[in-house]
Amino acid sequence: MRLAFVFPGQGSFRAGCLDPWEGHPAARLVDEVSEATGRDIRALAADGGTGARTADAQPTIMTASLVAWRALLDAGIAPDVVAGHSLGEATAAIASGALSVTDGARVVAARGAAMGEACAANPGAMAALVKLGPDAVQVLVDEDDDVVVANDNAPGQVVLAGTPAAIERIRERAREAGGRALPLDVEGAFHSPAMAPAVPHLSAALAASTLQAPTVPLVTGTTTEVLRDGDAIAQALVQGVLAPVRWRDLQVTLASLGVRDLVEVGPGGVLAGLAKRTVPDLRVHTVASPGDVASLIDDLGDVIDLAGRFADTRA
-6 MRLAFVFPGQ GSFRAGCLDP WEGHPAARLV DEVSEATGRD IRALAADGGT GARTADAQPT
54 IMTASLVAWR ALLDAGIAPD VVAGHSLGEA TAAIASGALS VTDGARVVAA RGAAMGEACA
114 ANPGAMAALV KLGPDAVQVL VDEDDDVVVA NDNAPGQVVL AGTPAAIERI RERAREAGGR
174 ALPLDVEGAF HSPAMAPAVP HLSAALAAST LQAPTVPLVT GTTTEVLRDG DAIAQALVQG
234 VLAPVRWRDL QVTLASLGVR DLVEVGPGGV LAGLAKRTVP DLRVHTVASP GDVASLIDDL
294 GDVIDLAGRF ADTRA
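61 is the number that my numbering gives to position 68 of the sequence shown; each next residue is one higher, with no gaps.
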């Protein structure tokens, strides 16, 4: 497996994320998602407040990523393996072929709405720890029953989730330990037990969808393994709202599969930065605009032929 597509999570939302695609053929997916979800995705993408609203941000960032994905496929660039960070895992399930765009959009809309309701029921917060080693992070978590590891993103970057009071305690204790705990602009404690009320709603949305074996291998952030069965993918998507995202391990898995080029598909650039820190030998690319697609074709000159199709000799 040479080429991986990875899809960002909710935190990568940027107002205007669909603007670069205006008039592009791939933007037809915006209408498809809007119809499936009953939401005006274009309006949400233009709204600077969308990122702070879980129910709005999730279908919007998924759509921006799917438009970029469709543009890549239309250019003849297809992945050997896909993965996604948090919400991006549902986007990756669509890109893998396990879910249709319509079903996937409805699942993500249900996920966002259910997680938003869980945030209201169980107030929480999140913070990214930096400049602390694994042992110091573990001490912070072990000493406070109201926090859990939500994301293990890269060497030196772990995100904790918990009650607002617990996250405030963590910020102080992180400073005392010589590090920093940077609060995240999110509605609640994602990837923690606080999200338990969202599980029945997400499970129901998945049960109403058709999941099939993916045509492109999918690596999930909860298992860090390749999943090739629709039921296993559905289970991973449900578990993913409660369990930590093991993104650092997932990137190592991709490298062990032979991935040499990793493309972050969608806005933000966060996953590209994490990949550089975790697997320095990976060639990392981002695609968030039509110009990025053209640049990627140039960058992958040793992998694809002049028509943008994969060469038969790729590893």
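Note that CB positions come from ideal geometry on N, CA and C, so glycine has one too.
Only a predicted model underlies this, so the values are computations on that prediction, with no experimental measurement involved.
Which two residues bound the contiguous alpha helix (DSSP H) that contains residue i?
i, result
"Asp128", "Pro127 to Asp135"
"Arg32", "Run containing Arg32: none; DSSP gives neither H nor E here."
"Ala287", "Pro283 to Asp292"
"Pro193", "Val192 to Ala200"
"Ser249", "Trp240 to Ser249"
Considering only C-alpha positions, which residue in the set the options is nearest to residue i?
i, options, result
"Ala111", "Ile87, Ser185, Gln131 and Ala197", "Ser185"
"Pro1", "Asp292, Leu293 and Val280", "Val280"
"Ala61", "Arg162, Asp73, Ala85 and Gly41", "Ala85"
"Leu369", "Ala45, Ala50, Thr156 and Val(-1)", "There is no way to answer for residue 369, as the model of the chain reaches only from -6 to 308."
"Val(-1)", "Val252, Gly117 and Ala191", "Val252"
"Thr208", "Glu136, Asp73, Glu165 and Ala106", "Asp73"
"Gly41", "Thr30, Leu220, Asp178 and Leu66", "Asp178"
"Ala48", "Asn144, Ala39 and Arg32", "Arg32"
"Glu218", "Arg7, Ala287 and Gln244", "Gln244"
"Arg35", "Ala68, Glu165, Trp14 and Gln3", "Trp14"
"Arg7", "Ser93, Ala29, Ala38 and Ile163", "Ala38"
Label residue i either buried or exposed according to how many other C-beta atoms from any shown protein chain fall within 10 Å of its C-beta, with 16 as the threshold for buried.
i, result
"Val309", "One cannot answer for residue 309 here, as it falls past the ends of the chain, which runs -6 to 308."
"Ala83", "buried"
"Leu289", "buried"
"Ser58", "buried"
"Asp285", "buried"
"Ala268", "buried"
"Asp96", "buried"
"Gly9", "exposed"
"Gly150", "Gly is not the amino acid found at residue 150; the sequence shown has Gln there. By the neighbour-count rule (16 or more Cβ atoms within 10 Å), Gln150 is buried."
"Gly16", "exposed"
"Asp135", "exposed"
"Gln131", "exposed"
"Gly294", "exposed"
Check whether the Cβ atoms of residue i and residue j lie closer than 8 Å to each other.
i, j, result
"Ser196", "Arg99", "no"
"Ala129", "Ala170", "yes"
"Asn146", "Arg241", "yes"
"Thr246", "Ala229", "no"
"Glu180", "Gly233", "no"
"Leu211", "Ala248", "no"
"Ser5", "Pro176", "no"
"Leu133", "Ala167", "yes"
"Met119", "Leu80", "no"
"Val256", "Leu(-4)", "yes"
"Pro283", "Asn144", "no"
"Ala71", "Gln205", "no"
"Pro52", "Gly105", "yes"
"Leu264", "His78", "yes"
"Asp291", "His278", "no"
"Ala88", "Val75", "yes"
"Val192", "Leu235", "yes"
"Pro190", "Arg270", "no"
"Val140", "Gly126", "no"
"Gly117", "Ala45", "no"
"Arg173", "Asp137", "no"
Helix, strand or coil for residue i? Go by DSSP, reduced to three states.
i, result
"Met108", "helix"
"Pro157", "helix"
"Arg46", "coil"
"Gln205", "coil"
"Gly77", "strand"
"Leu275", "coil"
"Leu255", "strand"
"Phe6", "coil"
"Val60", "helix"
"Leu220", "strand"
"Thr215", "coil"
"Val151", "strand"
"Val179", "coil"
"Asp12", "helix"
Residue range of the beta strand (DSSP E) that residue i falls in?
i, result
"Ala143", "Val140 to Ala147"
"Asp224", "Unbroken run through Asp224 is the alpha helix (DSSP H), Gly223 to Gln232; no beta strand (DSSP E)."
"Arg173", "Arg173 to Pro176"
"Leu122", "Ala118 to Val123"
"Val(-1)", "Leu(-4) to Phe0"
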